[in-house]
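Just so it is clear: in the sequence shown, position 30 is 30 by this note's numbering, and no numbers are missing.
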Amino acid sequence: MRTPGADLELAAGFLWGEGFLTDPAQLKTVIICGDRSLTARQRANVVIATVSEDVPAAPRSLQRRFTISSACGVCGSTSMSDLHNRGIKSVLSPTRSIQELAQFSSLLTDRQPIFEKTGGLHAALLVTPEGKPKWVREDVGRHNAVDKVIGAALMNGALPLNDWTLVVSGRIGYEIVQKAIVAGISAIVGVSAPTSLAIELADEFNLTLLAFARNGQAKEFISIPD
Numbered sequence: 001m002r003t004p005g006a007d008l009e010l011a012a013g014f015l016w017g018e019g020f021l022t023d024p025a026q027l028k029t030v031i032i033c034g035d036r037s038l039t040a041r042q043r044a045n046v047v048i049a050t051v052s053e054d055v056p057a058a059p060r061s062l063q064r065r066f067t068i069s070s071a072c073g074v075c076g077s078t079s080m081s082d083l084h085n086r087g088i089k090s091v092l093s094p095t096r097s098i099q100e101l102a103q104f105s106s107l108l109t110d111r112q113p114i115f116e117k118t119g120g121l122h123a124a125l126l127v128t129p130e131g132k133p134k135w136v137r138e139d140v141g142r143h144n145a146v147d148k149v150i151g152a153a154l155m156n157g158a159l160p161l162n163d164w165t166l167v168v169s170g171r172i173g174y175e176i177v178q179k180a181i182v183a184g185i186s187a188i189v190g191v192s193a194p195t196s197l198a199i200e201l202a203d204e205f206n207l208t209l210l211a212f213a214r215n216g217q218a219k220e221f222i223s224i225p226d
């Protein structure tokens, strides 16, 4: 399930986040299906991605069926070891202070037009190293919104997103942190709570994780060994 709109970015971001691409140049084209044997509605729900021949076979850990729901987006790789096996490296530390990063949650305020009308969508926003809002996308699924902004970055040649910040409107789950790390994002700022596994993953890959961000304040979460 997804909210229509930015569908090409959604597909691109999903392919990148789940490890089906290892280089942005491997994504040759991504288009809406043009098969006239299908109805217009059916075509609008099918995206076709063309990748280069040098794309490696997906690791066994990724050769699975993906579960789709409005609450969870598309959930695939769920093991911390999967990221290490894919060669994913720790992200760079953000150059901005925790206090500066906490201010970024306010950038979502006037950038959620569908949420303002319905009250039912999540949003994700990418903020540049200079502190400027760049791409914001809305979706009924939190993870879909993140895939959309990362897909926008991929399709515009911006990956890896070193020293960029991801701002999210909802709970910060493991998969959201995973997607951010794979894109090279340095920090996540969320208005709601993180899960314990999200905290562990962020700590493992040096990602700065701020939650409960409101009114210019936020709490930084780190993993404490047993």
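Where is the CB? At the ideal position from N, CA and C, for every residue including glycine.
Out of Phe205, Ile199, Ser196, point me to the one whose CA is closest to Ala183's CA.
For the purposes of this step, residue 183 is taken as the residue at position 183 of the sequence shown. Ranking the options by Cα distance to Ala183, first place goes to Phe205.
Cα separation between Ser37 and Ala49?
As a working mapping, residue 37 is identified with position 37 in the sequence shown. As a working mapping, residue 49 is identified with position 49 in the sequence shown. Computed Cα separation, rounded: 19 Å.
For Leu27, list the residues DSSP reports as bridge partners.
Against the sequence shown, residue 27 aligns to sequence position 27. Answer by DSSP bridge pairing, in chain order: Val51.
When you compare only the Cα positions, how much space is there between Met1 and Ala123?
As a working note, residue 1 is residue 1 in the sequence shown. As a working note, residue 123 is residue 123 in the sequence shown. Roughly 15 Å separates the two Cα atoms.
Indicate the three-state DSSP secondary structure (helix, strand or coil) for Thr165 in the structure shown.
In the sequence shown, residue 165 corresponds to position 165, counting from 1. Residue state, collapsed to three classes: strand.
Among all the DSSP beta bridges, which residues are the ones paired with Ile181?
Position 181 of the sequence shown holds residue 181. None; Ile181 has no bridge partner.
Could you tell me the boundaries of the beta strand (DSSP E) in which Gly13 lies?
For this step, residue 13 is matched to residue 13 along the sequence shown. First-last for Gly13: 7-17, but that is the alpha helix (DSSP H), not the beta strand (DSSP E).
By DSSP, does Arg86 sit in helix, in strand, or in coil?
For the purposes of this step, residue 86 is taken as the residue at position 86 of the sequence shown. It is coil, neither helix nor strand.
Based on the DSSP output, what are the partners of His122 in its beta bridges?
Position 122 of the sequence shown holds residue 122. Looking at the DSSP assignment, His122 forms a beta bridge with Asp139.
Does DSSP put Arg43 in a helix, in a strand, or in coil?
For the purposes of this step, residue 43 is taken as the residue at position 43 of the sequence shown. Note: Arg43 maps to helix in three-state DSSP.
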